[in-house]
Amino acid sequence: MRRILSLVLGCCALAALSSIDAATGEAHVITVDEAVAMAIAQNASLQAARARLEAGQAAASSTARRLAPAIHLADEYQHYNDAFIVPMGGGALFPVRKQDTNLFTVAADQPLLGLLHLSADYESQQKSSEAGAAQVQSAELSLRQAVETLYLRVFEARALEGTALASERELNDRLEVARAQLTTGVLTEADVLRVQVAAANARQQAIQAHSQELVSRAGLLALMGLPADDAGVTFVEPKSLLESGQKRPEPAAAQDQALSGRPEILQTRLSLEAGEHQRRARLYALLPEIDLEGAYLHSYGQIVLPTNSEFIGLNAKWAIWEWGASYAAYRASQAQARAAAFDLENQKQQIRAEVTSGMAQLDAAASAISVAEQTIASAEEAYRVTQAQLQAGTATTTDLLEAQSALTQARLNYLRAQYELAISRVNLRRALGR
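Shown next as structure tokens:
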């Protein structure tokens with residue numbers, strides 16, 4: 000139901016954006032939820048997963064229909080070089096076959112003993128189809144995680160660029176003051192050069208942040224199925240992700256929730272069940288094939304055959320020697336079932352590790368926020384004191400530049416910590432299967 004709702008929202012978002020663009024030519028304004036819906040609706044990788052799911056469902060349906068009786072129609076027409084007439088004693092002639100013959104057949108057959116391996120095959124394909132549905136759900140969760148992460152990276156880079164540009168403006172203002180003080184002999188040429196270098200460094204940080212924004216934006220647009228260079232899209236700040244009040248789960252509860260809620264676990268478990276059904280199907284395939292048969296035949300041109308005839312009976316066949324091919328297939332299915340069991344255990348271990356890592360990253364990001372806040376307060380106070388000391392003549396321009404650089408770095412660290420915390424929440428939700 001959630002997948003259908005996401006598809007509907009994505010299609011509505013696409014239709015709305017197309018109509019706005021056609022009517023006004025204005026920029027598309029997209030929220031993070033709309034970006035996720037658009038990605039789920041038209042991401043090529045996810046569409047491929049849905050197509051494979053559809054193929055698996057159709058294959059299971061095909062096998063299920065083979066359990067029912069099958070009806071076959073056949074019509075055979077033959078034109079010979081001559082009629083077949085057998086001479087009898089005394090000059091009599093006995094016609095056996097005319098020059099033109101025709102045999103029309105309506106036949107029906109129903110597997111009997113074969114129902115065992117056909118039923119097991121159907122159960123195997125049905126479980127594989129359900130595993131495919133879990134795979135689609137897993138792909139949707141991963142896609143949501145990727146979209147939300149890139150969305151946050153876009154705004155993180157934008158915030159870092161803004162902080163770097165603000166620092167550059169402050170340094171440029173100080174550069175003007177320094178040049179004026181150079182003319183009066185208060186500062187030296189070296190002092191002016193230090194300010195210029197600091198302004199250039201701030202500019203370089205802004206350029207790097209802008210480049211990061213462009214890269215993240217291109218990746219986000221690609222996930223949404225839009226051109227990577229689409230300049231007509233405007234993203235809305237993801238306040239819902241930055242201000243998430245999600246309560247940190249307890250480790251044991253988080254592990255249990257992940258093992259019960261992750262679609263990857265369901266997918267692997269269903270694959271294990273499918274492998275077990277496949278093993279039974281290959282075992283049953285070693286038995287003879289016994290089918291119930293019935294047919295109606297209409298003959299023309301064959302004198303020795305009745306014009307109309309019907310029969311019902313049993314058809315049995317058993318490949319008693321095929322160089323062990325069927326037994327080898329059974330052994331292969333056994334190995335596949337064992338491999339699926341190991342895959343399930345390995346999947347559980349990986350998910351436990353992901354949850355533990357996700358919670359550790361969340362705790363570290365939360366701690367980094369607290370440290371960054373304290374660092375900003377200290378850096379602001381150090382910058383204020385250094386400014387006062389510079390005016391009193393007890394500090395140098397170099398001291399002030401170092402204090403300002405420390406303040407700028409503290410602000411950048413605080414911004415990074417905010418977005419890392421939001422991304423950690425996104426990653427933990429994915430690890431828990433939410």
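Numbered according to numbering that gives the first Met the number 0, the sequence shown spans residues 0 to 433.
Just so it is clear, CB atoms sit at the ideal spot from N, CA and C, and this is done for glycine as well.
Quick caveat: nothing in here was measured; it's all calculated off a predicted structure.
For proline 250, the enclosing alpha helix (DSSP H) has its first and last residue at 250-260. Taking C-alpha positions only, alanine 364 is separated from arginine 424 by approximately 10 angstroms. Beta-bridge annotation (DSSP): isoleucine 311 is paired with Gly293. The C-beta separation of leucine 151 from alanine 421 comes to about 5 angstroms, placing the pair in contact by the 8 angstroms criterion. The C-alpha of threonine 396 lies about 22 angstroms from the C-alpha of threonine 374. Bounds of any alpha helix (DSSP H) do not take in glutamate 75; it lies within the beta strand (DSSP E) bounded by 69-78.
When C-beta atoms of the region 46-56 are compared with those of the region 108-117, fewer than three pairs fall below 8 angstroms, so the two segments do not count as touching.
Separation of leucine 220 and glutamine 136 (C-alpha to C-alpha, rounded to the nearest whole angstrom) is 21 angstroms. Our two residues, glutamate 288 and histidine 116, have alpha carbons roughly 10 angstroms apart in a direct line. For aspartate 229, the three-state secondary structure derived from DSSP is coil. Of the candidates Arg330, Ala208, Ser404, Pro305, Pro305 places its Cα closest to the Cα of leucine 102. Contact annotation, leucine 149 with glycine 218: C-beta distance approximately 5 angstroms; criterion of less than 8 angstroms satisfied.
In this structure, Ala138 is the residue among Asn80, Asp32, Ala138, Asp74 with its C-alpha nearest to the C-alpha of alanine 43. In the displayed model, valine 95 falls within a strand according to three-state DSSP. A residue is called buried once 16 or more other Cβ atoms fall within 10 Å of its Cβ, and glycine 300 is buried on that count.
Cα atoms of alanine 189 and arginine 216: separation of roughly 41 angstroms, rounded to the nearest angstrom. Tyrosine 326 places its beta carbon 7 angstroms or farther from that of leucine 282. For isoleucine 84, the enclosing beta strand (DSSP E) begins and ends at 83-86.
Excluding the 5 residues flanking it on each side, alanine 132 has same chain C-beta neighbours closer than 7 angstroms at Leu52, in chain order. Classified as exposed, valine 196 has fewer than 16 neighbouring CB atoms from the shown chains inside 10 Å of its CB. When the Cα atoms are used, threonine 233 and asparagine 426 turn out to be separated by approximately 25 angstroms. At the C-beta level, leucine 240 and lysine 126 stay beyond 7 angstroms of one another.
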